[in-house]
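*Asks:* A single structure is presented below for examination.
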Amino acid sequence: MTLPGNPDALAERAATYVSSASRIERAADDLRALAYASTARSLDAIRERSGQVAGDLSAAHGRYAGTAHALVEYAAALRDAHRKADEADASEAYAERHAGSAGTQVSALDRHVRSLEQSAAPAANIETAERQLADARAAARRYDDAASAAREAHEQARRDMEQAAQRAMALIDSAIDATNEGWLDRVGNFFEGLGSFFADLAKWVGDFLQDLWDELQRLVSTVLALVGTVLILALVYALLSLIPVIGPLIAALVVGLLAGFLLSSILSDVLKPTPQVSEYDRTRREKRDSQGEPTDLAHAIKDAGYVDSLGHYTADSADETVIKVTKVVDADGVVRWRVALPSTQEWLSRFNGDQGAVNDLDSNLALMLTPSLRSQYERAVLQAMQQAGVGPDDPVMLVGFSQGGIMAGHLAAYNSDYNWDAVVVAGAPIDSMPIPSSTTVVSVQHDGDPVPRLDSVISLGTGGYAQQRPNWTTINTPSPLAAQGVGGIHNASAYNSTLQSQIDRVPPATQDDLNAYFIGDGSTYGYDTTYYSWQEK
4 MTLPGNPDAL
14 AERAATYVSS
24 ASRIERAADD
34 LRALAYASTA
44 RSLDAIRERS
54 GQVAGDLSAA
64 HGRYAGTAHA
74 LVEYAAALRD
84 AHRKADEADA
94 SEAYAERHAG
104 SAGTQVSALD
114 RHVRSLEQSA
124 APAANIETAE
134 RQLADARAAA
144 RRYDDAASAA
154 REAHEQARRD
164 MEQAAQRAMA
174 LIDSAIDATN
184 EGWLDRVGNF
194 FEGLGSFFAD
204 LAKWVGDFLQ
214 DLWDELQRLV
224 STVLALVGTV
234 LILALVYALL
244 SLIPVIGPLI
254 AALVVGLLAG
264 FLLSSILSDV
274 LKPTPQVSEY
284 DRTRREKRDS
294 QGEPTDLAHA
304 IKDAGYVDSL
314 GHYTADSADE
324 TVIKVTKVVD
334 ADGVVRWRVA
344 LPSTQEWLSR
354 FNGDQGAVND
364 LDSNLALMLT
374 PSLRSQYERA
384 VLQAMQQAGV
394 GPDDPVMLVG
404 FSQGGIMAGH
414 LAAYNSDYNW
424 DAVVVAGAPI
434 DSMPIPSSTT
444 VVSVQHDGDP
454 VPRLDSVISL
464 GTGGYAQQRP
474 NWTTINTPSP
484 LAAQGVGGIH
494 NASAYNSTLQ
504 SQIDRVPPAT
514 QDDLNAYFIG
524 DGSTYGYDTT
534 YYSWQEK
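Set out below in structure tokens:
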């Protein structure tokens with residue numbers, strides 16, 4: 004993980020400031036010499052003006068010199084932090100590589116010991132094999148410890164860099180504040196304060212109106228979804244009532260049970276507190292299963308499929324919800340964020356209890372039927388983004404498959420806490436969501452996939468049709484795994500392949516804009532990935 008910043012460029016810029024400060028200081032000295040050397044009364048005005056300008060130049064010199072020295076000091080600290088981080092990354096790669104080999108050796112020796120025991124081999128042979136196994140396990144632990152130490156060294160370098168940055172900012176502020184005493188400065192500060200007041204007032208009003216608009220959209224969508232659900236239940240009742248062996252009474256009972264199930268599922272999610280969000284340390288198996296960072300928009304869905312595989316203590320459990328947050332910095336210092344959201348991993352929580360993951364059936368129903376009520380999933384994602392350091396104006400791309408795509412569209416449509424610049428989803432019913440035109444949307448839908456069509460039912464025909472707009476591209480095409488049935492149609496891997504093969508259907512300008520969120524873009528300078536997880540309380 005490369006640290007942000009360019010030490011050489013910063014050092015060059017700092018040297019420019021030092022040179023400018025020296026030239027300013029020489030000019031101030033020359034003006035003072037003129038003021039003190041001239042004695043003619045006719046030159047009094049010039050002498051007085053020279054002294055004033057010299058004083059102003061001295062103040063400017065203080066600012067330039069203070070800024071220059073702060074930048075020089077920070078450039079050295081930044082270069083040292085980069086060196087330490089690069090060394091730590093190399094050590095981690097070395098340790099991880101040998102840890103993998105050691106793990107393979109442990110597995111082989113473990114099988115060898117069991118084979119000797121089962122074949123009643125001589126005790127001496129078994130003891131020798133067991134010593135070799137113990138040595139191999141110790142070596143594996145050493146490499147694991149070395150990798151952990153290297154990661155900590157990288158993080159320490161990052162902390163050192165941040166501390167140096169804070170010190171540089173403090174020094175620059177001190178240099179500017181110490182010379183910010185001129186009349187023009189004071190007048191400027193006065194009007195600056197007025198401007199700041201009105202700017203803050205305008206921002207408050209804008210935020211208030213934006214929040215009000217968000218809530219109105221949530222409320223309208225919730226009413227439409229609930230009315231659609233009521234109509235569906237009424238249709239179910241009418242159809243069941245027509246069956247002679249069932250009749251109106253049993254039909255009413257069935258519909259009541261369905262309504263109760265929906266209500267209890269939604270309330271069980273939205274009434275619970277926000278889960279505790281923390282950084283997630285992937286297991287060795289999860290790291291091994293990673294296929295690497297997606298390099299461009301065509302490979303974006305790969306992230307969505309990968310986060311679905313995280314947080315499972317066993318193959319059949321869904322113990323934690325895990326998201327991936329990737330920070331991408333371009334050569335101009337612009338920071339972009341890519342957030343990968345998992346799909347539904349737990350379907351039977353109403354019957355066998357919650358396993359821990361919040362990306363379950365309950366949150367699915369809450370997202371689709373009651374967008375005005377914030378699910379645990381939504382609240383936790385926003386908390387994770389805050390912990391990651393995502394700024395309110397930083398461009399953000401949301402990536403998701405199925406329920407992950409629902410969450411992506413939901414945030415872009417109903418939340419204004421962040422700058423939702425792009426939404427890339429697969430197999431998700433987002434067509435009826437009021438996503439603003441300022442958000443670029445790429446939606447992939449396989450022919451015969453029932454999930455993307457769900458919103459056409461609950462939206463009462465007001466939406467739910469594939470969108471093709473200047474900011475919205477929908478790719479409809481058969482699944483490459485269609486022969487496997489619904490499991491091959493509604494499938495993250497299949498959708499990943501589809502987007503790669505159909506990427507030319509996305510306008511070239513859109514591809515260029517969205518490729519900036521990936522490490523393969525030519526302007527990308529560095530990136531950093533962090534995983535966050537939480538469990539249902």
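Heads up, the sequence shown stops at 540 in this note's numbering, and the numbers go up one at a time, no gaps.
We treat Cβ as the ideally placed atom computed from N, Cα and C, and that holds for glycine.
Being a predicted model, the structure only gives us computed values, none of them experimental.
#1: Just mark D47 as buried or exposed, buried being the case when its beta carbon has 16 or more other beta carbons within 10 Å.
#2: L484 to A497, Cα distance in whole Å?
#3: By alpha-carbon positions, which one of A143, Y534, D452, P511 ends up nearest to G106?
#4: Do Q116 and E95 have their C-beta atoms within less than 9 Å of each other?
#5: What is the C-beta distance between P345 and T324, in whole angstroms, given that I count them as a contact (C-beta under 8 Å)?
#6: Between which two residues does the alpha helix (DSSP H) containing T513 stretch?
#7: Buried or exposed: which applies to I253, given that a residue is buried once 16 or more other Cβ atoms fall within 10 Å of its Cβ?
#8: Can you grab the Cα-Cα spacing for the pair I249 / V454, in whole Å?
#9: Are Y97 and Y283 touching if we call contact CB-CB under 9 Å?
#10: Cβ of V280 within 8 Å of any heavy atom in the ligand NAP?
#11: Using only alpha-carbon positions, find the residue among L414, A486, P510 that is nearest to I433.
#12: Span of the alpha helix (DSSP H) holding K305?
#13: If you measure between the beta carbons of D516 and V402, is that distance less than 9 Å?
#14: Give the secondary structure of Q135 by DSSP, where H, G and I count as helix, E and B as strand, and everything else as coil.
#15: State the start and end residues of the unbroken beta strand (DSSP E) segment that holds Y283.
#16: Could you have a look at L401 and say whether DSSP puts it in helix, strand or coil?
#17: Where does V454 fall in DSSP's three states?
#18: Rounded to the nearest angstrom, what separates N518 and T277 at their Cα positions?
#19: So the alpha helix (DSSP H) H413 belongs to, where does it begin and stop?
#20: Between which two residues does the beta strand (DSSP E) harbouring G529 extend?
#21: If you draw a straight line from the C-alpha of S61 to the C-alpha of T443, how long is it?
#22: Can you tell me which of the three DSSP states T107 falls into?
*Replies:* Once the coordinates are examined:
#1: Model confidence at D47 stands at a pLDDT of 43, short of 50, so the residue's coordinates are unreliable and nothing is read from them.
#2: One alpha carbon belongs to L484, the other to A497, and they sit about 6 Å apart.
#3: A143
#4: The sequence shown places Val at residue 116, rather than the Gln named in the question. Taking 9 Å as the Cβ cut-off, V116 and E95 do not qualify as a contacting pair.
#5: 6 Å
#6: 511 to 518
#7: exposed
#8: 30 Å
#9: no
#10: For the ligand NAP, the structure offers nothing, since it holds no ligand at all.
#11: Here the closest residue by C-alpha is L414.
#12: It spans 304 to 311 - the alpha helix (DSSP H) in which K305 sits, taken as one unbroken run.
#13: Inclusion of D516 and V402 in the CB contact set at 9 Å is not warranted, their separation being larger than that value.
#14: helix
#15: Per DSSP, Y283 lies in no beta strand (DSSP E) and is assigned neither H nor E.
#16: strand
#17: helix
#18: 33 Å
#19: 406 to 417
#20: 527 to 537
#21: Model confidence at S61 stands at a pLDDT of 49, short of 50, so the residue's coordinates are unreliable; what they give is reported in the following sentence. If I take the Cα positions, the gap works out to 51 Å.
#22: helix
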